[in-house]
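A.B. asks:
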Amino acid sequence: MTHLTQELDRLNMKVMQMVVQTEQALSKTVNAFSRMDADLAQEVVDHDKEINELEVLIDQLCLRLLALEQPVARDLRFILGAMRLSKDLERIGDESANISDATIFLSLHPPLDFYDQIQIMGQKAYDMLQEAIIAFSSPDTERAINVCRMDFEVDEINSKILKLSIEHMSMNSGAVEQGVQSINIARRFERVADLATNIAETTMFIVQGTSIKHSCQFDDRV
22 MTHLTQELDR LNMKVMQMVV QTEQALSKTV NAFSRMDADL AQEVVDHDKE
72 INELEVLIDQ LCLRLLALEQ PVARDLRFIL GAMRLSKDLE RIGDESANIS
122 DATIFLSLHP PLDFYDQIQI MGQKAYDMLQ EAIIAFSSPD TERAINVCRM
172 DFEVDEINSK ILKLSIEHMS MNSGAVEQGV QSINIARRFE RVADLATNIA
222 ETTMFIVQGT SIKHSCQFDD RV
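Taking the numbering used here, I'd label the letters of the sequence shown as residues 22 to 243.
1. What are the complete alpha helix (DSSP H) segments, minimum 4 residues, inside the stretch 181-239?
2. Could you please give the first and the last residue of the uninterrupted alpha helix (DSSP H) stretch that includes Phe-157?
3. Within 8 angstroms, do at least three Cβ pairs link the stretch 168-185 to the stretch 111-131?
4. Using only the alpha-carbon positions, how far apart do Ala-94 and Ser-107 sit?
5. Which runs of the alpha helix (DSSP H) at least 4 residues long sit entirely within the stretch 35-101? Give them in chain order.
6. DSSP on Leu-124, reduced to helix/strand/coil?
7. Excluding the 5 residues preceding and the 5 following Lys-245 in the sequence, name in chain order all residues of the same chain whose CB lies nearer than 7 angstroms to its CB.
8. Use the C-beta contact count for Val-201: other C-beta atoms within 10 angstroms, 16 or more gives buried, fewer gives exposed.
9. Buried or exposed: which applies to Glu-163, given that a residue is buried once 16 or more other Cβ atoms fall within 10 Å of its Cβ?
10. So does the stretch 131-151 actually touch the stretch 65-78, counting three or more Cβ pairs closer than 8 angstroms?
11. Do you know offhand how far Ile-72's Cα is from Val-66's?
12. Looking at C-alpha atoms only, which residue of Ser-191, Thr-223, Leu-25 is the closest neighbour of Ala-88?
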């Protein structure tokens, strides 16, 4: 086993460690909102720093490999992909913490009628992250394509929640702050879905060597 191979294995191990922590954070976030569990939400907020620290470590490992090992082809794409992935995972961690913060506020008030739609959206965003992670770790381009399909569903639910929130606020002036926080949470879940799509795009880049950043149209089956 070459030194480069050993270092790539170490990098992959750290990436998967970050994957696990981010997935757990989002899972707790979705569950905390579903149950309006302020304690669980606070746990997500408190552990966000650990995800941030892993991003810094992965970035350092990647930069060192690029500088000292001069990787090419698939190895180079994996290192660049790991840098992209860690950035997206860190952002998902931040969004999870922000959603959890808003959940703590909402837990102090009676639930609104459309919270079930936010729960559905949060679960779909989590499902997208899981699918994107499997696509990356396999790697599996078919699963990556499926993530893209799922993103359209989340966008539609987000639009529905925005409409319901505005209608509720217009009829209930005392629940304006709840409505605003509900829109905020939905927007952040939608962002998580976008970041999961980024991870799917990164998988396609590593496997096929084609950059399709900011574009879901990497297959006519979507």
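Every residue, glycine too, gets a C-beta built ideally from N, C-alpha and C.
C.D. replies: The relevant details are as follows:
1. 197-229
2. 136-158
3. no
4. 20 angstroms
5. 59-89
6. Reading the sequence as shown, one finds Thr at residue 124 and not Leu. Three-state DSSP puts Thr-124 in a helix.
7. Nothing in the structure corresponds to residue 245, since the chain is present only between 22 and 243.
8. exposed
9. exposed
10. no
11. 11 angstroms
12. Leu-25
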